[in-house]
Amino acid sequence: MSVLTSDPAAAQRHWRALAVARPGMLALVVALTGSARSFVDDWWWLGALALVALAAAIAERVMPPSRLRAAAEMGLASIVIGLGFPDAYLALPYLLLPAFAGGLAGGAAGAILATIIAGMGMAAGDILARNALLNGTSAGSLAAWLVIVFVTGAIGAWLLRQENVHVADGERYAAAYRLLSELRVVSRRLSGGLDPMTLAEGILDHVASHIDVRRSALLVRRDGGVLFPLARRGDDDGWLVGAEKDPVVLDAWTNEVPAWAPAGRRGYRVVLPLRVGSRTIGAVVADVPEQVSSDELAELARSTDEGAVRLETALLFDEVRELATREERQRLAREIHDGIAQELASLGYLVDDLLARTTNADAASLATTLRRELTRIVTELRHSVFDLRSDLDRDAGLGETLSGYARQIGAQARLNVHLVNQEGQERLRPEVEAELLRIGQEAITNVRKHAKARNLWVTVSVNPPSAHIRVADDGTGMRERPSDRYGLDIMSERARRIGATLVIEDAPEGGTVVSVSLGNDYEEGLIRASDGHAGR
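Taking this note's numbering as reference, the numbering of the sequence shown is continuous, increasing by one, and the terminal residue is 538.
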C-alpha cells in the first residue's frame, strides 16, 4: 500500500498564493459592487466580508492549513452573502477562495465539504434576513455558483494529489538510491562482489566441500516458471532438462526443506532449497554416490542461507541494472532520432537547395560531396538507432534474436548471411543474454562498417550456463581496420562482466573472426564443427 505525503514547499507556495489572492478578490468584489450599485446601501455586508477576509488572514498566521480553517472561512463568508442577498450577489466570487483552500487542505472530501457549507451558509443567512434566495431565478443562479465552487475545490484537490504523487515518487527514488548505494558498498566489501555466477559457483563449492558430489547445478527460476542453471559442475547429458517437473526438486522447492531420492546407478539425487526468509529463491541439485542423512542435509541447507541472501541480492541488482540500461538505450535512441538525425536531414535539404541553385562547377562539386557525406552520417545514425532499439524478445532466445539482427544488417549492407543456431529451450540469465547479444551486434556492425566483406557467418550455441558466439567475415581483416578501438574495448568489457572469453583475430584465409565463449562445457569437436565456414 502506498502512502502519500505532502510536499511542504509546494504547499507553502499554494497557501501564499491564496494569501495574495484574498485582498485582490475582495477588491474585485468592491469594484463590481461599486460599478453596479451604491456603496451607501451595501456598506454593511461589504464591511462584514472584509472582516471575514481579515480574520482569515490572521488565522493563516497563527494556525496551520487545515480543512477546519477553510470551512470556517467558507461558513462565515457564505452567511454574510446570504444575509445580503440578492444585493450581495456580486460577492459570490469570493467563495472561490475558501473552496480552493478546502480542496487543497482536504482533497476531494474538502472540496465537497466546502460546497455543502457554502450552500447551507447562504441558506442560513437568507432565512435570518427573510430574503428571497430560493425563488426560481435566484435558485438557478445559486446552483450554478455552487457547481463553480465545487469545481474550484476540485482543482485544489487535484493539485494536492499531484504534489503528493510527486513527493511519493521522489521518496521512492530517494529510497532506491539509498538502497543501491548500500548495495554498492556491500558489493565492494564482498570477496565475490555481486556477480550472480560467482556467488552461485561459491555455493556449489561449499556444498562439494561437505558431501561427495559427482555433478551439481544451482537452479533459479526465470520468467515462465522455467528453472535454469546459474552454475553447473560435472558432465552434462541433459539431466537438467525439465528440472521444474522433477518430483524431488518440486518437493524441496515447495516445502523449503532438503529432499533426496534414489537416482539408479548414479546413486542418489539431493536437492537443497536456497531460502531467503520464508521464500525459496533457488535450489542446489546434486548427484551423490552415497545416501546423505537427513540431519546432514538440514545442516547443509542452513549453512547455505547466507549465500542465498547474497545470491538474491545479486540477481536483483542485475535485474535493476538491466532495466536501467534498457531504458537508457531507448532514451538515447529517441534523442538521436528526434534530435541530431532530424537536424542533419534538414541540413541535407539545404544542401540540395544550394546544389539546385548554384551555377559554379566547383561549388556544385563541393555541395555534392557534402550531400554525400551528410547522407552517410544520417545512415549511420539510423543504424545506431536500430542498434539501440534492438533488444531480446521475451519469447525469442539469444540465437533467434541475433540471427534476426544479422539478417537485417545483411540486407542493408548486401551481405550473404550464413547462420548456425544451436539453441534449445533452456536459456541463459537475462543479463547474460543481453551482454552476449550486444557483443554479437557490435561484431556484426563492425563487419558492415569496416570489413568490405561479401559474406557474414554467425554461429550461436547455447547450453546454459555455457554459450558460444562466433562472427566471421571474408573481408579485409583487422589490418585494414581504423585505429579507433573504442568498440572493441566495449566488447571486451562486456565479456569480462559476465566472465566470458573474447577472442578477435584475423582468419588464415582472410577476414576477421570474433569469438566469445561463456563456460567450459563445449567440446572441442562441437566448437570446431560449428565454426566451419560454409562455402569458403
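Ideal Cβ positions, reconstructed from N, Cα and C, are used throughout, including at glycine.
In this text the structure is predicted, and so the values were computed from the model without any measurement.
Within this structure, are the beta carbons of residue i and residue j separated by less than 9 Å?
| i | j | result |
| --- | --- | --- |
| residue 438 | residue 502 | yes |
| residue 113 | residue 127 | no |
| residue 82 | residue 47 | yes |
| residue 72 | residue 30 | no |
| residue 235 | residue 250 | no |
| residue 201 | residue 313 | yes |
| residue 272 | residue 291 | no |
| residue 335 | residue 387 | yes |
| residue 144 | residue 124 | yes |
| residue 307 | residue 277 | yes |
| residue 100 | residue 75 | yes |
| residue 207 | residue 316 | no |
| residue 455 | residue 513 | yes |
| residue 199 | residue 464 | no |
| residue 117 | residue 148 | yes |
| residue 462 | residue 419 | no |
| residue 466 | residue 231 | yes |
| residue 1 | residue 440 | Absent from the model: residue 1. The displayed extent of the chain is 3 to 538, so no value can be given. |
| residue 309 | residue 157 | no |
Return the residue from the list the options that minimises the CA-CA distance to residue i.
| i | options | result |
| --- | --- | --- |
| residue 288 | 232, 425, 209 and 315 | 209 |
| residue 246 | 51, 275, 267 and 264 | 275 |
| residue 475 | 373, 65 and 421 | 421 |
| residue 159 | 115, 364 and 125 | 115 |
| residue 79 | 109, 151, 66 and 64 | 151 |
| residue 55 | 68, 441 and 27 | 27 |
| residue 380 | 400, 358 and 340 | 340 |
| residue 452 | 329, 84 and 478 | 478 |
| residue 109 | 70, 369, 147 and 265 | 70 |
| residue 430 | 399, 85, 62 and 130 | 399 |
| residue 511 | 505, 480, 495 and 269 | 480 |
| residue 425 | 231, 401, 254 and 45 | 401 |
| residue 357 | 265, 508 and 369 | 369 |
| residue 213 | 33, 305, 155 and 146 | 305 |
| residue 264 | 286, 254, 293 and 244 | 293 |
| residue 286 | 266, 118 and 258 | 258 |
| residue 218 | 352, 270 and 366 | 270 |
| residue 242 | 515, 427 and 508 | 427 |
| residue 34 | 500, 59, 498 and 90 | 90 |
| residue 24 | 49, 58 and 45 | 58 |
| residue 404 | 417, 416, 509 and 423 | 423 |
| residue 98 | 363, 303, 253 and 155 | 155 |
| residue 146 | 131, 130, 244 and 120 | 120 |
| residue 351 | 372, 237, 63 and 367 | 372 |
| residue 385 | 444, 254 and 63 | 444 |
| residue 87 | 51, 338 and 262 | 51 |
| residue 237 | 268, 254 and 211 | 268 |
Just list the residues that DSSP pairs residue i with in beta bridges.
| i | result |
| --- | --- |
| residue 503 | 519 |
| residue 59 | DSSP output for residue 59 lists no bridge partner at all. |
| residue 458 | 419 and 475 |
| residue 68 | Residue 68 pairs with nothing; no bridge assigned. |
| residue 469 | 464 and 520 |
| residue 163 | Answer by DSSP bridge pairing: none, since residue 163 is not bridged. |
| residue 277 | 282 |
| residue 508 | 514 |
Under the criterion of a Cβ to heavy atom distance below 8 Å, does residue i qualify as lining the ligand ATP?
| i | result |
| --- | --- |
| residue 272 | For the structure depicted, the ligand ATP is absent and the ligand set is empty, with no information on it obtainable. |
**Whole runs of the alpha helix (DSSP H) within the stretch 375 to 430, excluding any shorter than 4 residues** = Counting only runs of 4+ residues, the alpha helix (DSSP H) found wholly inside the stretch 375 to 430 occupies 400 to 415, in chain order.
**Message:** Taking 8 Å as the cut-off, does the stretch 291 to 302 touch the stretch 340 to 348 (at least 3 CB pairs, one atom from each stretch)?
**Reply:** Flag = no, the stretch 340 to 348 and the stretch 291 to 302 do not touch.
**Prompt:** Is the number of C-beta pairs between the stretch 276 to 285 and the stretch 216 to 223 that are closer than 8 Å three or more?
**Reply:** Under the three-pair Cβ rule at 8 Å, the stretch 276 to 285 counts as touching the stretch 216 to 223.
**Request:** Would you check if there are 3 or more beta carbon pairs closer than 8 Å linking the stretch 514 to 523 to the stretch 466 to 474?
**Result:** As far as the Cβ criterion goes, the stretch 514 to 523 touches the stretch 466 to 474, which means the pair count is three or higher.
**Asked** Can you give, in chain order, each stretch of the alpha helix (DSSP H) that sits fully within the stretch 198 to 275 and has at least 4 residues?
**Response** Segments of the alpha helix (DSSP H) lying fully in the stretch 198 to 275: 198 to 210 and 249 to 257.
**Prompt:** Contact between the stretch 406 to 425 and the stretch 363 to 380: three or more CB pairs below 8 Å?
**Reply:** At 8 Å Cβ cutoff, the stretches do not touch.
**Asked** Are the stretch 432 to 448 and the stretch 487 to 496 in contact at 8 Å, needing three or more beta carbon pairs?
**Response** Counting Cβ pairs under 8 Å, three or more are found: they touch.
**Item:** alpha helix (DSSP H) runs wholly inside the stretch 89 to 157, at least 4 long, in chain order
**Value:** With a minimum length of 4 residues, the continuous alpha helix (DSSP H) runs that stay inside the stretch 89 to 157 are 98 to 131.
**Request:** Could I get the ranges of all uninterrupted alpha helix (DSSP H) runs contained in the stretch 282 to 318, with 4 residues as the minimum, in chain order?
**Result:** You should have 296 to 305.
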